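K.L.:
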Amino acid sequence: MRQESPTAQSGFRIGLHEFRHGLSLAPMAGNTNLAYRRLCRRFGAELTTTEMVSSKALVHGDGKSLQYLEKGEEENPVAAQVFGMEPEILAGAAPQVEAKGFHILDLNIGCPVPKITGCGGGSALLKDPELAADCVRAMKESTSLPVTVKIRAGWDDDNKNAPSFAEEMQEAGVSAITVHGRTREQKYKGTADLDLIRRVVESVSIPVLGNGDILDLDSAKRMFETTGCAGLAIGRGALGRPWIFRDIAAWLSGETPPPEPDLRERAELLLELGRGITQLYGEDRGMKIMRRLAPDFFKGVEGAPLLRGRCNSLESWADLEELAATFGPDSSL
Ligand SMILES: Cc1cc2nc3c(=O)[nH]c(=O)nc-3n(C[C@H](O)[C@H](O)[C@H](O)COP(=O)(O)O)c2cc1C
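Mapping of the sequence shown onto our numbering: position 174 corresponds to residue 186, and the numbering continues sequentially without gaps.
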């Protein structure tokens with residue numbers, strides 16, 4: 013059945029890459045590994061991004077950081093996100109990202125964690141637009157990849173400088189900007205300021221991806237309608253619910269979104285993710301990662317607290333299968 017979509021989605025480009033509806037999976041440390049990105053892409057995420065990687069660690073050839081830059085053959089386009097605040101180090105990291113086959117290079121200007129901001133990186137760069145612009149220029153000079161930035165509304169309530177900051181980033185040559193509508197001070201509390209995101213959209217001519225609190229179709233509509241953004245970056249709303257991309261894409265195409273996956277389908281998705289994680293990291297480490305990722309699949313499921321508790325004791329693939337079976341086809345829930 014066709015349904016009217018009130019937004020005029022005309023698509024946009026980042027470099028040579030064309031986006032029809034611009035639904036992207038926001039970078040999330042510990043979550044947006046290759047297996048998770050694959051799942052979201054299967055459900056219609058047009059752009060996915062790695063979790064943030066230290067530019068310094070890349071330059072020093074740190075093996076663990078290189079692991080974060082695992083890329084799938086079929087991932088196209090996929091962005092790698094780096095953090096750092098030293099233009100020459102970022103310039104050194106950029107060619108490595110390009111050599112790994114990534115299509116877009118994103119600079120993190122949103123991380124609120126003191127370990128990062130204390131050194132001047134992440135959201136601390138919001139306080140120094142000139143340095144941020146130098147970082148972008150240095151990255152652009154050392155790679156042919158389009159460079160994008162992910163920013164927050166500002167440092168705190170008194171310094172919500174995202175619109176002017178975005179202009180400076182555009183001037184420095186970024187191809188797109190993702191804006192999380194919270195300040196650094198808010199971290200993840202309160203709500204994202206959609207009016208502020210709208211002001212960013214109005215202040216630049218490059219594509220802006222709205223980010224923050226998109227948890228379902230209604231909040232996606234609100235983001236598009238209030239801000240006029242070109243696309244969306246979805247973080248927590250995609251955790252355990254990768255079909256959020258399918259629902260929004262259907263609405264944007266004027267279709268009625270399909271019904272929510274039932275328990276059996278959710279169990280299958282959990283196993284699909286577990287399989288991917290195990291292939292990437294092996295069973296031991298994979299199940300440790302699944303202890304963190306599996307609980308999100310029980311959002312809204314009856315008996316969720318009990319099931320979440322059981323995630324903590326995942327040790328083996330057999331444990332994961334058993335867990336999936338409890339809310340899968342033969343579930344007693
Ligand atoms: C667990 C977690 C890890 C995150 N890691 C990153 C990261 O590596 N890089 C980044 O730019 N943002 C990171 N973020 C922020 C998200 O990309 C996003 O901006 C934020 O969660 C708000 O969007 P949401 O309401 O859709 O989740 C992280 C968020 C969470 C919850």
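Glycine included, every Cβ here is placed at the ideal spot set by N, Cα and C. Note that the coordinates shown come from a computational prediction; the quantities given were computed from them, not determined experimentally.
Give the list of continuous alpha helix (DSSP H) stretches no shorter than 4 residues that lie fully inside the stretch 47-132.
P.N.:
With a minimum length of 4 residues, the unbroken runs of alpha helix (DSSP H) contained wholly in the stretch 47-132 fall at 67-71, 75-80, 99-111, 126-129.
K.L.:
Does the stretch 231-239 come into contact with the stretch 288-305, if we say contact requires no fewer than three beta-carbon pairs (one atom in each stretch) closer than 8 Å?
P.N.:
The stretch 231-239, when compared against the stretch 288-305, does not touch it at the 8 Å Cβ threshold.
K.L.:
Within 10 angstroms of its Cβ, does H72 collect 16 or more other Cβ (buried), or is it exposed?
P.N.:
On the sequence shown, residue 72 is found 60 positions in, with the first residue counted as 1. Exposed, by the Cβ-count rule.
K.L.:
Are V186 and I209 closer than 8 Å when you measure CB to CB?
P.N.:
In the sequence shown, residue 186 corresponds to position 174, counting from 1. In the sequence shown, residue 209 corresponds to position 197, counting from 1. No, they are not a contact pair.
K.L.:
Could you have a look at I209 and say whether DSSP puts it in helix, strand or coil?
P.N.:
In the sequence shown, the residue the question calls residue 209 occupies position 197. Note: I209 maps to helix in three-state DSSP.
K.L.:
DSSP beta-bridge partners for I189?
P.N.:
For this step, residue 189 is matched to residue 177 along the sequence shown. I189 pairs with V161, V220.
K.L.:
What do you reckon, are the CB atoms on I256 and G247 nearer than 8 Å?
P.N.:
For the purposes of this step, residue 256 is taken as residue 244 along the sequence shown, with counting starting at 1. For the purposes of this step, residue 247 is taken as residue 235 along the sequence shown, with counting starting at 1. No, the Cβ-Cβ distance between I256 and G247 is not below 8 Å.
K.L.:
Does E197 come out as helix, strand or coil in the three-state DSSP assignment?
P.N.:
For the purposes of this step, residue 197 is taken as residue 185 along the sequence shown, with counting starting at 1. E197 carries a coil assignment under DSSP once its states are collapsed to helix, strand and coil.
K.L.:
Use the C-beta contact count for Y80: other C-beta atoms within 10 angstroms, 16 or more gives buried, fewer gives exposed.
P.N.:
Position 68 of the sequence shown, counted from the first residue, corresponds to residue 80. Buried.
K.L.:
Are F95 and S135 close, meaning C-beta to C-beta below 8 Å?
P.N.:
For the purposes of this step, residue 95 is taken as the residue at position 83 of the sequence shown. For the purposes of this step, residue 135 is taken as the residue at position 123 of the sequence shown. No, these two residues do not count as a Cβ contact at 8 Å.
K.L.:
Can you list, in chain order, the residues of its chain with a C-beta nearer than 7 Å to that of R396? Leave out the 5 residues immediately preceding and following it.
P.N.:
Lying outside 13 to 345, the shown extent of the chain, residue 396 is not represented and no answer is given.
K.L.:
Is any beta-carbon of chain D found at less than 8 Å from that of A174?
P.N.:
Within the model displayed, chain D is absent; a lone protein chain is all it includes.
K.L.:
Between K127 and the rest of its own chain, which residues show a CB-CB distance below 8 Å, the 5 nearest in sequence each way excluded?
P.N.:
Walking along the sequence shown from the start, residue 127 turns up at place 115. Taken in chain order, the list of residues that qualify is empty.
K.L.:
Please classify S154: does DSSP put it in a helix, a strand, or coil?
P.N.:
Working through the sequence shown from its first residue, we reach residue 154 at position 142. Of the three classes helix, strand and coil, the one that applies to S154 here is helix, per DSSP.
K.L.:
Answer with buried or exposed for G193, where buried requires no fewer than 16 other C-beta atoms within 10 angstroms of its C-beta.
P.N.:
The sequence position of residue 193 within the sequence shown is 181, counting from 1. Per the 10 Å Cβ criterion, buried.
K.L.:
Which same chain residues end up closer than 8 Å to S156 when comparing Cβ atoms and leaving out the 5 residues on each side of it in sequence?
P.N.:
For the purposes of this step, residue 156 is identified with residue 144 of the sequence shown, where counting begins at 1. So the qualifying residues of the chain are E110.
K.L.:
Got a sec? Which residues, its chain only, sit under 7 Å from P18 by beta carbon, not counting five neighbours each side?
P.N.:
Translated into positions along the sequence shown, residue 18 becomes position 6. Here P18 scores only 47 on pLDDT, less than 50, and its place in the model should not be relied on; the value that follows carries that caveat. Excluding sequence neighbours, P18 sits near E237.
K.L.:
Do three or more CB pairs link the stretch 277-285 to the stretch 258-266 at distances below 8 Å?
P.N.:
no
K.L.:
May I ask you to report which of helix, strand or coil DSSP gives F177?
P.N.:
On the sequence shown, position 165 is the one that residue 177 refers to. Of the three classes helix, strand and coil, the one that applies to F177 here is helix, per DSSP.
K.L.:
Let me make sure I understand the geometry here. Which of D169, K172, I116 has the alpha-carbon closest to that of V148?
P.N.:
By one-based count along the sequence shown, residue 148 stands at place 136. Among D169, K172, I116, the Cα nearest to that of V148 belongs to I116.
K.L.:
In the DSSP assignment, what residue or residues form a beta bridge with I246?
P.N.:
For this step, residue 246 is matched to residue 234 along the sequence shown. DSSP lists L37 as partners of I246.
K.L.:
Any contact of the stretch 131-146 with the stretch 88-104, i.e. 3+ C-beta pairs under 8 Å?
P.N.:
yes
K.L.:
With respect to 7 Å, is the separation between the Cβ of M151 and the closest non-hydrogen atom of ligand 1 below this value?
P.N.:
In the sequence shown, residue 151 corresponds to position 139, counting from 1. Result no, Cβ not under 7 Å from ligand 1.
K.L.:
Would you say M181 touches ligand 3, meaning its beta carbon is less than 7 Å from a heavy atom?
P.N.:
In the structure shown, ligand 3 is absent; the only ligands present are ligand 1.
K.L.:
Helix, strand or coil: which one does DSSP assign to R276?
P.N.:
Taking the first residue of the sequence shown as position 1, residue 276 is located at position 264. Of the three classes helix, strand and coil, the one that applies to R276 here is helix, per DSSP.
K.L.:
Helix, strand or coil: how does DSSP classify A204 here?
P.N.:
Counting from 1 along the sequence shown, the entry for residue 204 is found at position 192. Three-state DSSP puts A204 in coil, outside helix and strand.
K.L.:
Which class does G166 belong to by DSSP, given the choice of helix, strand or coil?
P.N.:
One-based indexing of the sequence shown puts residue 166 at position 154. Three-state DSSP puts G166 in a strand.
K.L.:
Excluding the 5 residues preceding and the 5 following F309 in the sequence, name in chain order all residues of the same chain whose CB lies nearer than 6 Å to its CB.
P.N.:
For the purposes of this step, residue 309 is identified with residue 297 of the sequence shown, where counting begins at 1. Excluding positions up to five away in sequence, the list reads G252, R278, L282.
K.L.:
Starting from F31, follow the alpha helix (DSSP H) in both directions and report where the run begins and ends.
P.N.:
Counting from 1 along the sequence shown, the entry for residue 31 is found at position 19. No alpha helix (DSSP H) contains F31, which is instead part of the beta strand (DSSP E) from 29-31.
K.L.:
Distance, Cα to Cα, Q291 vs S325?
P.N.:
Taking the first residue of the sequence shown as 1, we reach residue 291 at position 279. Taking the first residue of the sequence shown as 1, we reach residue 325 at position 313. Q291 and S325: Cα-Cα distance of roughly 20 Å.
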